[in-house]
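**Q** Before I ask anything, let me first share the structure, which is written out below as C-alpha cells.
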Amino acid sequence: MVHLDKPLATLSDTCKIILQNNGVTILTRKITRQTFMLMRYAYAILSYRIFLEGFLMLLRRLTHLIKPHLRAFSLALAGMLIAVTSHAATELSLWYHGAGNPEEREVLLGLIGDFNKSQSDYTVTVEEFPQESYNDSVTAAALAGNLPDIIDVDGPIMPNWAWAGYMAPLDIDPAKLDGILEGAIGRWNGEVYAVGLWDAAAAIYTHKSTLDAHDIRIPTLDNPWTRQEFDEILATLKASGQFQYAFDPGMAWTGEWYAYAFGPMLQSWGGDLVDTNANRADGTINGRAAVEFGQWWQNLFVQGYAPGTSQDGADRDTGFLDGKYAMQLNGNWAAVPALEAFGDDMLFLPSVDFGNGPKIGAASWQFGISASSEHKDGGRAFIEFALQDQYSAAFSNVLGLAPTTTAAAAMTDKYQPGGPMEVFFELTKAQGTLRAVTPGYVVASKEFEKALADITNGADVADALDAAADAIDADIEKNNGYR
Amino acid sequence: MSRLRLAQLLVRYTLLVWVAIIFVFPIIFMVVSSLKPDLQLLRDTASLRAFLPIGDISLDNYHKAFARVPIALFIGNSVFITATTLVCSLFLCSLAAFSFVFLQWWGRAVILSIILATFIVPFETIAIPLLMIVNELPWIGLEGLTFGWLNSYHVQIVPFLADALTIFLFVQYFRDLPRELVEAARIDGANWFHVYWHVILPLSGPIIATAAILKFLIMYNDQFLWPIMVAQEEQYRPIMVGLMYFFQLNVPWGEIMAYLSIITVPVLAFYLSLQRAFIQSVASTGIKE
Amino acid sequence: MPHRDYRPVLMRVFRSGGLSHHHKAGWLMAGPAVFLVAMFLILPFFMAFGFSLTNQRLFSPKPTQYVGLDNFKRMLGVSYLILEPERDTQTGTILIDEDGAPVYPRLRTYTRNNPDYPHLDRMREWISFDLSEDRRLYLLARDVIFMKAFVITVTFVLVTAPLQAGLALLLALLINQPLRGINVFRTMYFMPVVIAMVVVSMLWRFIYDGQDGLLNSLLGFMSFGLFEPVDWLGNTETALGSIIAMSVWQGVGFHMVIWLAGLQTISPHLYEAAHLEGANRWQTFFYVTWPGLRNTAILVMVIITMQSFRLFPQVAVMTGGGPLDSTQSLVFQMVERGYGKQDIAEGSAISVFLFLFVLLVSLGQRYLVRER
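Chains as they are written, first to last, in my numbering: chain A, 5 to 487; chain B, 21 to 309; chain C, 78 to 449.
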C-alpha cells in the first residue's frame, strides 16, 4: 500500500511503486504532477502567448462589464493595505451554507462583526454558498486543498468529513457546552467536532378544529399517539372525504429529508439504518422491525392516505396551508407561515410512538474547524464566542429553528415558555434522536431514501430493504469499515 | 381560386398557431407565474388560470428575487464567460476544422477521430480529474504568476474553448465546400490563414450561427456542476448557481419564476440577433414565392 | 513563354511544402484546439479511466488501491436461476396464490447466505419470465440498477433520436413556407431550446403533477371532464414516456433550425425542374428534398444520439430514477455514485462503459452510412 502523501522524488521511484502496486491513479497523478513541474516555465509563456493576449483584448472590449470588479479589486487591495498597516489581525475564513437568505445573512454578519470588534487578534470573513450545493463545493475545495478555517457542516455528515480528514476536533472546554441540547453537539469517536447554534425539529402539523370535528384526541409529549391510534385516525380522516390526503409525509422532499424525518420512525419501530457497533446494515435495516415498518409504510400509499413520490414540490410547500392535507409531517422552519395562516387553530404534535418510544431527528447545521487551518485557536475562539445565547436566539428568530439552550429559548418570541412554538423546543429535548453516527451515513441515508421510495411505489418490502442493506455493507467494506 | 387560396392560408396559419401553443405554453406559465404570489400561483396550476395574469398581480417577486440574489452580477458573469468562450471557441475550432479538412499533415485523421470520440464523454465524468488538473496549472494575471486556477473567470472559460461538437460541426460543413476555392486561392499565392479568413469564413455564415447558438446554450445554461466546484467566491458565480439560492427551507416559487424569466432574456436576445443576421439572409436566397 | 509565368507560383508552392503536404501549417492551425482538447478532455478522461481500475473514493484517508477489473465485474455480473413452484408437502400439488398464479419460493432464500448457491450471493432479480407452467427463469444481476439504467438509456436513445429528428424535420418543412410573419413562429418554436434543461424539468413537474397538474386539467378541459387524471411521473408505465415527450419538446426546435439551414441550401432550380417535370409534393420531397438533406441528416442524428446518451438533468430533477427504477439512466447513476455516494471509481467505471458502448455504436453507424 502506498500513501499518497509520501513524497516521491524521482520518476523512477514512481515507476517502481507502480510496478509493485499497479496503482494507476498514482501513476496518472504523479506523472501529471511531474510533467507540470517540468513544463511550468515553458507553459507559463505559452499560455501567455496563446490565451492571455486574446483574453485581454476581449477584456478591454468588455470593460464596462468588469469595471465594477476591477474597482472592487482595487478597493479590496486598498483595504488590505490599510488593514496590514493599521493592525496585524489574522484573517480567518468562514464558509456558510445560507446564500440566498438575506435575513440569515444579516444575523451571521452581525455575529461576525461582534466577534471582530470583541478582540484584535482575528478578523473573520465569510463566503456564503447555496445550501443545495454546499457539500459539493466543500468536497471540491478539499480536493483542491482550499478549505477555509471555519466550516459549517450538516450534523449527520460531520463524521464523514471528520473521518476524511477535513475537520479537526474542536478541543473545546466541556464547560462551554453545558446546557446545550445534545442534538446540537457533533460528537464522533469520542471527540467534539462541531457545535450548532440551533436545532431542527419535526412535528405533525394539523388543526385543532380538524381533530375536534372527528373526535380525535390531542396527543401530548407524555402520552403520544400509538400506532394503532394513528392508523384509526388516518382511516377516519380519509373516510371524511374532506381532504385530498389524510397525511403528507413529504415525499417530494427527496434527499436528506427521508433519513431525517422517516429514519426516526424506523427507530421508533425498533430498527435503524446501520448497527454502528457491528458496523453492519444487514440484519438492521432489513431486520424484522424494519420489514414491519416498511409494510406499514407501504400501506399508507396503498390505502391512499398519503401522496407518493410524484408529489410536486409546490404541493408539499402549500398543500397543508391550502387544506389539501389534514396532517403534515414538517419541520419547525415551516411553522411561522403555518402560525400566520391559522393562529390558535394550528397544532404541532409530537411524533407517533411505534413501540419503542416517539422519536424525531436531531442535529442541524453546526460550526467546526477545518483540519488544514493554520489558526485553529482563532476558529475555536470564534465558535466559543458564537455560542452565546443571544446569537442562538437571533438565528432562531429568522430561521424559525429551535434555539439550543433554555436561556436562548427564553430570549425568542416563538420558543419562550408560553410561546406558540415552545412545543418544538420540548420535542427536541424529549424526542431528539441522532441519525446513525458513522462516516458511512452519507451512503446509508441515500440507500434508505431509495428503499423507502421504492417501497412507496409498491416494491417488495423485504427485497427493497435487502438491496439497501447490501449496498450499505458493500460501501462499508470498500472503505475498510471506515476505521 | 382566390377563395381557395384564402382557405389554404387559413389552414396553414391555424396549424402554425396550434403548434406554437404547444411550444410556448410552459413559458407563458413561467412568465405569468412570476407575477403572482406563491399561494395563488400554486392554486392556479390546477386550472387555465395558470396562463392568465389575473388575481393579485405585481412585480413583488422581481423585487424580492433581486434582494435575494445578486442577479446583475451573476448575469454579467454568465454573459462574460459565455461571450468570451464563444468568440475564442468559434475561432479556434473553425481554424482546427479548416486544417483537418483542407490541409494534409501527419496524423490528422487519427487526431480527428480521437477528438470526435471525446464527444461521447459526459462532463460529469471528467469533472473531478479536471479539477485536479486546473488546480495545478499556472496563470499570469494581474497578480503575476500564480498556480491553481480556482476562483477566477478563466477556470470557467479555458477548459471549454475547444470541444468535439464545435469542431465536428465545422468539419462536416467544410467537407461540403468546393475544394477548388481553396486551391484557386493557393495558386493565387494566398497563405493558409488568408484562405481561411477571406475565403472559407465568409461562406460559413449558417454553420457559425448554428455553432454559436449551441455553444451559447451550453455555456449559459448548462454550467452548473463546474462553477459549484471551482467558483467558491460569489463574485465569480454564474446564473445557474444563482438558481440554487432559491432552494431554501421554504421555496419561494414565484421568485424562482421571476429569476427564470430574467435569465432567459439574454439567450433569447442572442438567438434573435443571430436569426436576423444569418437565417434570414440564407432564407432570402433559398425560398422562392 | 508560358513556363516563365508559372515560376513564382511554383516557387511559393515549393516553399510552403507543396500542395499535398503542409505539416507545419496544419499543426499550427489545428494545434491550439488539439492542445486544449488533449489537456482538458482527453487527459482527464484518461485519469477517469485510471480511476475505474482502482477503488478511488471522492475523498478518503485511505490510500487508493489498484483493483483490476473488479468494478466492471461487479457492474456486469449476471447469472440465472430456474425455479419450480412450491408444492403442498402432502398432496404435491402446486400452491396457488390469490390471483391464481403459482407460488414460487422467495428469491432471497437463494441469494442471501445460501451455502448451496455461493455464486448467486447478493445478486438480485433483474427480469423473470415463465418457461412453462411450472418453471420460471430468473435473470439475476449483481448490479440490477446499472443493468436497468443501461437498458433504459438505450431505449431512450432509440425512441428519442428518430422521434426528435422526424418531428424537427416536419416542423422545418412547416416553417419553410413563404408566409408573412413566419419568423415569429420560428422564434416561438425555438423558445423551449433557450431554456436550460434543468429549468424546463422544473416547469414540467408542475405540468405532469398527478393531482392538479396543468396537463391533467388541460386534458380534462378538452374532454369535458371525461379524462381520468394520470400521475404521469408517478407511474412506472408513464414516467419514461413523459420524460421522452418533454425531452423531445425541449430539443426539437434546435434540430428544426439545423434542418431549416439544410433545406435552404437546396438549390431552388431543382424544385423548379421538379415542378416542370410534373412531380407531385411527395415525389419532390423524396427525389429532391431528401437527397439534398443527407449530410444534414447525419449531423442531426449524431448530435441527437450523443445528447440522448447523456440523459441526466431531466431524471435528476423530475424523478430521481424512480418510480421503481423505471427512469434510471447511466449518467444519472454515474453522478449518483461518483458524487452522491463518493465512489468515484464506480462512477468512472460507468462512464468508461458508456464511452466504449457509444464508440461501438457510432462506429457501427459510420459503417452503415458508408455502405450506401
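Even for Gly, the Cβ is constructed at its ideal location relative to N, Cα and C.
Does chain A have any CB closer than 8 Å to the CB of C/ASN293?
**A** To locate residue 293 of chain C, count along the third sequence from 1; it is residue 216. False, the Cβ-Cβ gap to chain A never drops below 8 Å.
**Q** Just checking my contact of C/LEU431 with C/PHE386 at CB under 8 Å: how many whole Å lie between their CB atoms?
**A** Within the third sequence, numbered from 1, the residue matching residue 431 of chain C stands at position 354. Within the third sequence, numbered from 1, the residue matching residue 386 of chain C stands at position 309. Yes, C/LEU431 and C/PHE386 are in contact; Cβ-Cβ is about 7 Å, under 8 Å.
**Q** In chain order, what residues of the same chain have a beta carbon less than 7 Å from the beta carbon of A/ASN120, not counting five sequence neighbours either side?
**A** Taking the first sequence and counting its residues from 1, one reaches residue 120 of chain A at position 116. The answer, listed in chain order, is THR127, VAL128.
**Q** Exposed or buried, which one is C/MET106 when buried takes at least 16 other CB atoms within 10 Å?
**A** Within the third sequence, the letter at position 29 stands for residue 106 of chain C. Flag for C/MET106 reads buried.
**Q** For the segment 94 to 140 of chain A, list the beta strand (DSSP E) runs that are entirely contained and at least 3 residues long, ordered along the chain.
**A** 94 to 100, 126 to 132
**Q** Give the residues from the segment 154 to 169 of chain A that approach chain C closer than 7 Å (Cβ to any Cβ), ordered along the chain.
**A** Residues TRP167, ALA168, GLY169.
**Q** Kindly list, in the order they appear in chain B, the residues whose Cβ is closer than 8 Å to that of C/TYR266.
**A** In the third sequence, counting from the first residue as 1, residue 266 of chain C sits at position 189. Those are VAL39, ALA40, PHE43, listed as they occur along chain B.
**Q** Within this structure, are the beta carbons of B/ALA85 and B/GLU275 separated by less than 8 Å?
**A** Numbered from 1 along the second sequence, position 65 holds the residue referred to as residue 85 of chain B. Numbered from 1 along the second sequence, position 255 holds the residue referred to as residue 275 of chain B. Contact flag set, yes.
**Q** Would you say B/ALA137 faces chain C, with C-beta separation under 8 Å as the test?
**A** On the second sequence, position 117 is the one that residue 137 of chain B refers to. B/ALA137 counts as touching chain C.
**Q** Does the Cβ-Cβ distance between C/TYR285 and B/PHE43 come in under 8 Å?
**A** On the third sequence, residue 285 of chain C is found 208 positions in, with the first residue counted as 1. On the second sequence, residue 43 of chain B is found 23 positions in, with the first residue counted as 1. Going by C-beta atoms, C/TYR285 is not nearer than 8 Å to B/PHE43.
**Q** Please state the DSSP three-state secondary structure of C/HIS332.
**A** Along the third sequence, read from residue 1 onward, the residue named residue 332 of chain C stands at position 255. Looking at C/HIS332 - three-state DSSP - the assignment turns out to be helix.
**Q** Below 8 Å, how does it come out for the segment 309 to 318 of chain C and the segment 284 to 300 of chain C: are there three or more Cβ pairs, yes or no?
**A** yes
**Q** Please report how far the alpha carbon of B/MET50 lies from the alpha carbon of B/LEU72, in whole angstroms.
**A** Working through the second sequence from its first residue, we reach residue 50 of chain B at position 30. Working through the second sequence from its first residue, we reach residue 72 of chain B at position 52. Whole-angstrom Cα-Cα distance: 11 Å.
**Q** Report the partner residues of A/SER2 according to the DSSP bridge assignment.
**A** Residue numbering for chain A in the displayed model covers 5 to 487; residue 2 of chain A lies beyond these limits and cannot be assessed.
**Q** State the Cα-Cα distance for the pair A/SER374 and A/PRO354, rounded to the nearest angstrom.
**A** On the first sequence, residue 374 of chain A is found 370 positions in, with the first residue counted as 1. On the first sequence, residue 354 of chain A is found 350 positions in, with the first residue counted as 1. About 36 Å.
**Q** So A/ALA463 is in the beta strand (DSSP E); what residue range does that whole segment cover?
**A** The sequence position of residue 463 of chain A within the first sequence is 459, counting from 1. From DSSP, A/ALA463 is part of no beta strand (DSSP E); its letter is neither H nor E.
**Q** Beta carbon of B/ILE177, beta carbon of B/ILE135: below 8 Å?
**A** Position 157 of the second sequence, counted from the start, is the residue given in the question as residue 177 of chain B. Position 115 of the second sequence, counted from the start, is the residue given in the question as residue 135 of chain B. No, they are not a contact pair.
**Q** Leaving aside the five residues before and after C/LEU146 along the sequence, list all residues of the same chain whose C-beta is less than 8 Å from its C-beta, in chain order.
**A** Residue 146 of chain C sits at position 69 when you count from the first residue of the third sequence. Counting only Cβ-Cβ distances below 8 Å, and skipping sequence neighbours, we find LEU130.
**Q** Can you give me the Cβ contacts of A/LYS500 inside the same chain, cut-off strictly under 6 Å, excluding the 5 residues immediately before and after it?
**A** Since the displayed chain A opens at 5 and closes at 487, residue 500 of chain A lies outside it and no answer follows.
**Q** With a threshold of 8 Å between beta carbons, is C/PHE304 in contact with chain A?
**A** As a working note, residue 304 of chain C is residue 227 in the third sequence. Closer than 8 Å: no.
**Q** Using DSSP's beta-bridge definition, name the partner residues of A/GLY190.
**A** Taking the first sequence and counting its residues from 1, one reaches residue 190 of chain A at position 186. Paired residues: A/ALA198.
**Q** I want to see whether chain B comes within less than 8 Å of A/GLU388, judged by CB atoms only; does it?
**A** Sequence index remark: in the first sequence, residue 388 of chain A carries index 384 (1-based). False, the Cβ-Cβ gap to chain B never drops below 8 Å.
**Q** When the Cα atoms are used, what is the spatial distance from B/MET249 to B/SER119?
**A** Position 229 of the second sequence, counted from the start, is the residue given in the question as residue 249 of chain B. Position 99 of the second sequence, counted from the start, is the residue given in the question as residue 119 of chain B. Each residue's alpha carbon lies about 35 Å from the other.
**Q** So with CB distances below 8 Å, who are the chain B contacts of A/GLU132?
**A** As a first step, residue 132 of chain A must be located in the first sequence, where it is residue number 128. Close to A/GLU132, with beta-carbon spacing below 8 Å, are these residues of chain B in chain order: GLU254.
**Q** With 8 Å set as the bound, which would you pick, yes or no: does the beta-carbon of B/THR104 sit closer than that to a beta-carbon of chain C?
**A** As a working mapping, residue 104 of chain B is identified with position 84 in the second sequence. Answer no: the Cβ-Cβ gap between B/THR104 and chain C never drops below 8 Å.
**Q** Would a check of beta-carbon distances place C/PHE233 closer than 8 Å to chain B?
**A** By 1-based counting over the third sequence, the position of residue 233 of chain C is 156. No, no contact with chain B.
**Q** Would you tell me roughly how many angstroms separate the C-alpha atoms of B/ALA116 and C/PHE112, rounded to the nearest one?
**A** As a working mapping, residue 116 of chain B is identified with position 96 in the second sequence. As a working mapping, residue 112 of chain C is identified with position 35 in the third sequence. Straight-line Cα distance between these residues: approximately 11 Å.
**Q** What residues from chain B crowd round A/GLU481, counting only those whose CB sits closer than 7 Å?
**A** Here the question's residue 481 of chain A lines up with position 477 in the first sequence. Here the premise fails: no neighbours, minimum Cβ distance about 23 Å.
**Q** Short of 6 Å in beta carbon distance, which residues of its chain neighbour A/ALA48, apart from the five on each side in sequence? Order them along the chain.
**A** By 1-based counting over the first sequence, the position of residue 48 of chain A is 44. Any reading at A/ALA48 must be qualified, since the residue scores a pLDDT of 42, below 50, and its modelled position is unreliable; no value is offered.
**Q** Within its chain, find whatever has a CB closer than 7 Å to the CB of A/VAL295; leave out the 5 residues flanking it on each side and keep chain order.
**A** Here residue 295 of chain A refers to the residue found at position 291 of the first sequence. These residues qualify, in order along the chain: VAL465, ALA466, LEU469.
**Q** Determine the burial state of A/PHE429: buried for a count of at least 16 other Cβ atoms within 10 Å of its Cβ, exposed for fewer.
**A** Counting from one through the first sequence, the residue named residue 429 of chain A turns up at place 425. Under this definition A/PHE429 is a buried residue.
**Q** Is there a Cβ from chain A that is less than 8 Å from the Cβ of C/TYR416?
**A** Indexing the third sequence from 1 puts residue 416 of chain C at position 339. Closer than 8 Å to some Cβ of chain A, the Cβ of C/TYR416 qualifies, so yes.
**Q** Apart from the five residues just before and just after B/ALA27, which ones in its own chain have a Cβ nearer than 7 Å to its Cβ?
**A** In the second sequence, residue 27 of chain B corresponds to position 7, counting from 1. Taken in chain order, the list of residues that qualify is empty.
**Q** Relative to the C-alpha of A/LEU277, which candidate in A/GLY317, A/ILE476, A/PHE358 has its C-alpha closest?
**A** Translated into the one-based positions of the first sequence, residue 277 of chain A becomes position 273. Cα-wise, what sits closest to A/LEU277 is A/ILE476.
**Q** The alpha helix (DSSP H) spanning C/MET224 covers which residue range?
**A** Working through the third sequence from its first residue, we reach residue 224 of chain C at position 147. Residues 221 to 252.
**Q** Can you name the start and end residues of the alpha helix (DSSP H) that C/MET268 belongs to?
**A** Taking the third sequence and counting its residues from 1, one reaches residue 268 of chain C at position 191. Counted as a single uninterrupted DSSP element, the alpha helix (DSSP H) harbouring C/MET268 occupies residues 259 to 271.
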